[in-house]
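Here this note's numbering is used: the first residue of the sequence shown is 24, the next is one more, and so on. Yeah, the Cβ is synthetic: ideal placement off N, Cα and C, and Gly gets one too. Treat the numbers as computed from the prediction; the structure is a model and nothing was measured. Taking it in order: structure first as structure tokens, then the write-up.
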Amino acid sequence: MAAGGFCKLPNGRVVVALNLPGTAPGDAGGVRVLVHAHNRARALTRLRNLGLRAVYLRGNGAPPTPDEITAVLHHPDGLIWRTSPDGA
Numbered sequence: 024m025a026a027g028g029f030c031k032l033p034n035g036r037v038v039v040a041l042n043l044p045g046t047a048p049g050d051a052g053g054v055r056v057l058v059h060a061h062n063r064a065r066a067l068t069r070l071r072n073l074g075l076r077a078v079y080l081r082g083n084g085a086p087p088t089p090d091e092i093t094a095v096l097h098h099p100d101g102l103i104w105r106t107s108p109d110g111a
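Take a look at the structure:
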């Protein structure tokens, strides 16, 4: 199950963060995907349109950090990914 969370911005938009596990068996690494959208549903739709079909956001256990929010807001596509933090 992918951990994740979201943060609602003052203008009503959201930044959604998802930690996706690695694909190789025994692989400790994973990917953290951050999406900026009008609402959570649209953020998940953007990920599904990119081929991540089984992505769901349940709960708010791993919301985006302020640095991640700043990065995704300044990215022209509003979508970034990076390696997962060690604790995720």
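Spatially closest choice to residue i from the options, by CA coordinates
i	options	result
Thr106	Ala66, Gly53 and Ala64	Gly53
Asn42	Gly82, Asn62 and Arg36	Gly82
Ala94	Val38, Gly45 and Ala26	Val38
Which of helix, strand or coil DSSP assigns to residue i
i	result
Leu43	strand
Thr106	strand
Arg55	strand
Ala60	strand
Val38	strand
Ala94	helix
Between the CA atoms of residue j and residue i - distance to the nearest angstrom
i	j	result
His97	Pro89	12 Å
Gly62	Pro87	Rather than Gly, the amino acid found at residue 62 in this sequence is Asn. Computed Cα separation, rounded: 15 Å.
Ala64	Arg36	11 Å
Leu67	Thr46	20 Å
- prompt: At a cut of 8 Å, does the stretch 97-104 reach the stretch 53-72 through at least three beta carbon pairs?
  reply: Three or more beta-carbon pairs separated by less than 8 Å link the stretch 97-104 to the stretch 53-72, which places the two stretches in contact.
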